Amino acid sequence: MIAPAPATRIVTPRGKTLAWDDTDRLWLLRAIEAEGEPRDLVAQTLVNRWAWLWDETPGKYIKLVELVRAYAQPVNPAWYPDGKLFLGQLAKLPEAQRAQAVLRANARRDVHSTRTQFSPRTVVAVDTALRGPVSIPPGALHFAATSIDRPDLPVLVPAESDRHNVIYGEAGSRGARARYVVRSATAEPPPPAPSSSSTAARIAAVVGIVALGIGVGIGAAHLK
Numbered sequence: 444m445i446a447p448a449p450a451t452r453i454v455t456p457r458g459k460t461l462a463w464d465d466t467d468r469l470w471l472l473r474a475i476e477a478e479g480e481p482r483d484l485v486a487q488t489l490v491n492r493w494a495w496l497w498d499e500t501p502g503k504y505i506k507l508v509e510l511v512r513a514y515a516q517p518v519n520p521a522w523y524p525d526g527k528l529f530l531g532q533l534a535k536l537p538e539a540q541r542a543q544a545v546l547r548a549n550a551r552r553d554v555h556s557t558r559t560q561f562s563p564r565t566v567v568a569v570d571t572a573l574r575g576p577v578s579i580p581p582g583a584l585h586f587a588a589t590s591i592d593r594p595d596l597p598v599l600v601p602a603e604s605d606r607h608n609v610i611y612g613e614a615g616s617r618g619a620r621a622r623y624v625v626r627s628a629t630a631e632p633p634p635p636a637p638s639s640s641s642t643a644a645r646i647a648a649v650v651g652i653v654a655l656g657i658g659v660g661i662g663a664a665h666l667k
């Protein structure tokens, strides 16, 4: 498999820092290879949804792989041949369509979820999603194939002739401004903002020094 991207951290819309590992990357590769275009935006939408849910429902998906396998149908165990969602769908299908549906379920389990070789477009899309730059519009939290109608969600990136998926926002404009950022794993965290009390103390000290300089006639005119 192609070498992984440099180590980075995902920063949620509210500033929480999340780590990803090789297992997260592998399952994101598997999902994107199966989901198709626009691969870059689909990959980033999955990462953005993970980061957003960390803020909205902390602990629901601790690892990125958990979100990817719960959301992306091609690698979701619930859509395997014995999965709950698949069996529910199968029971509603006409008899003539069931054999084809079983073949698709087998592919989810035996092909999409075991793949270790990926197209260059998929590798670039996934590694860009994990290391940046992020190019999805704020609020990109869902995607769906053009064959799936989602009138309940606002369209953010419509499908084009060479794209298989539409990028949507969250219903009711929840998360409308949510977009994760990427930070180097070795970058120093930003220094904490000074408290109001420490800021006031510094201001008082500066005022005292200026006053002292004026009192003894030492270059007060040069203070900036």
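When we follow the working numbering, the leftmost residue of the sequence shown carries the number 444, and every step to the right adds one. Note that CB positions come from ideal geometry on N, CA and C, so glycine has one too. Nothing here was measured: the structure is a model prediction, and the numbers come from that model.
By the 16-neighbour rule on beta-carbons within 10 angstroms, Gly502 is exposed.
Distance check between Asn549 and each of Ala521, Asp467 and Gly612 places Ala521 closest, using alpha-carbon atoms only. Note that the C-beta distance between Val508 and Ala474 is not below 7 Å. In the three-state DSSP reduction, Ser562 falls in the coil class, being neither helix nor strand.
Excluding the 5 residues flanking it on each side, Ala614 has same chain C-beta neighbours closer than 7 Å at Asp595 and Leu596, in chain order. Counting along the chain, Thr451 sits inside the beta strand (DSSP E) bounded by residues Thr451 to Val454. In the DSSP annotation of this structure, the continuous segment of the alpha helix (DSSP H) that includes Ile475 starts and ends at Asp465 to Glu478. Pairing Ala462 with Leu533, the inter-Cα distance amounts to about 38 Å.
Nearest C-alpha to Thr466 among Pro456, Arg620 and Leu573: Leu573. Going by C-alpha positions, Trp495 is about 27 Å away from Gly526.
Counting only residues of its own chain and dropping the five nearest sequence neighbours on each side, Arg547 has no CB closer than 8 Å to any other CB. The beta carbon of Ala477 lies closer than 6 Å to those of Pro517 and His555 in the same chain, with the five residues before and after it left out. If you draw a straight line from the Cα of Ala588 to the Cα of Ala450, it is about 31 Å long. In the three-state reduction of the DSSP assignment, Leu599 falls in the strand class, which pools E and B.
CA-CA distance, Ala621 to Trp470, rounds to 23 Å.
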